[in-house]
Amino acid sequence: MTLRHSLLAVLTLGPAYGYQLHGEVVERTRRDTPLNVGQVYSTLDRLRRDELIASAGITDDHLPLYELTDDGIIEARMHLTEPDIADWHDMVERILLALSLPGSHHDTLVANYRRLWEPYAGASSETLDPTGGQAQAAAEHAARLLRSAALAWLDSLPDIEPWPLRTDRRRRGRRAAETVHPPT
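In structure tokens:
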């Protein structure tokens, strides 16, 4: 799932500033790779250039707020309902994000992902290229297992209570070290 689409999806909740968007994407998608805050700001610049977001003013402490344009709303809605590929990581992040957003149509997204994975669920070894050898057979077996796992995961999705944008200020930097007091 692209950062571009993740930011657009989170902005369906309302105006937000860059570091707030960073935290929301990380929290909602449970990314398995770190998200550099610089990537968020450069992606926001491109989204403004492409007229998918616009300025929504500033916060009380002068941080720029961003909001979706009409085109941004359309692209975000498409992203939250129409998967484009049957990719495990994209699916997990996109569905977790959709489940976390109040008012999203995650049922549609789940059903569409199911349609992407199902045609392949019953593939058998008879469909293998007989000249492909053992490596081809192993690759096809791995693909069948992944498809089976994807469908099982879609079947077992828990009910997740969606939540709004966090309004508390996210802290930056390292956590304070615990103060160690010598015994008295």
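Heads up: the sequence shown begins at 32 in this note's numbering, then just goes up one per residue. Glycine included, C-beta positions come from ideal geometry on N, C-alpha and C.
Original post:
From residue 40 to residue 72, what does the alpha carbon distance come to, in whole angstroms?
Top reply: Residue 40 sits at position 9 when you count from the first residue of the sequence shown. Residue 72 sits at position 41 when you count from the first residue of the sequence shown. Between residue 40 and residue 72, the C-alpha separation is close to 16 angstroms.
Subject >> Where residue 94 falls: helix, strand or coil (DSSP) >> reply: Translated into the one-based positions of the sequence shown, residue 94 becomes position 63. DSSP places residue 94 outside both helix and strand once states are collapsed to three, so it counts as coil.
Subject >> residue 91 to residue 79 span [Cα, whole Å] >> reply: Indexing the sequence shown from 1 puts residue 91 at position 60. Indexing the sequence shown from 1 puts residue 79 at position 48. Taking the straight line from one Cα to the other gives about 22 angstroms.
**OP:** Please go through the same chain and pick out, in chain order, the residues whose beta-carbon is closer than 8 angstroms to the beta-carbon of residue 188, but skip the five residues on each side of it.
**Re:** Residue numbering aside, residue 188 sits at position 157 when the sequence shown is read from its first letter. Closer than 8 angstroms at the Cβ level, and outside the excluded window around residue 188, lie 126, 130, 141.
**OP:** Leaving aside the five residues before and after residue 137 along the sequence, list all residues of the same chain whose C-beta is less than 6 angstroms from its C-beta, in chain order.
**Re:** Indexing the sequence shown from 1 puts residue 137 at position 106. For residue 137, where only same-chain residues beyond five positions count, the Cβ hits under 6 angstroms are 129, 130.
Original post:
Can you check whether the CB of residue 180 is closer than 9 angstroms to the CB of residue 119?
Top reply: Here residue 119 refers to the residue found at position 88 when the sequence shown is read from its first residue. Here residue 180 refers to the residue found at position 149 when the sequence shown is read from its first residue. A contact, by the Cβ cut-off of 9 angstroms.
Original post:
What number of angstroms, rounded off, separates the C-alpha of residue 246 from the C-alpha of residue 135?
Top reply: Absent from the model: residue 246. The displayed extent of the chain is 32 to 215, so no value can be given.
**OP:** Going by CA-CA distance only, name the one from 166, 190, 44, 192 that's closest to residue 108.
**Re:** One-based indexing of the sequence shown puts residue 108 at position 77. Across the set 166, 190, 44, 192, the C-alpha of 44 shows the shortest separation from the C-alpha of residue 108.
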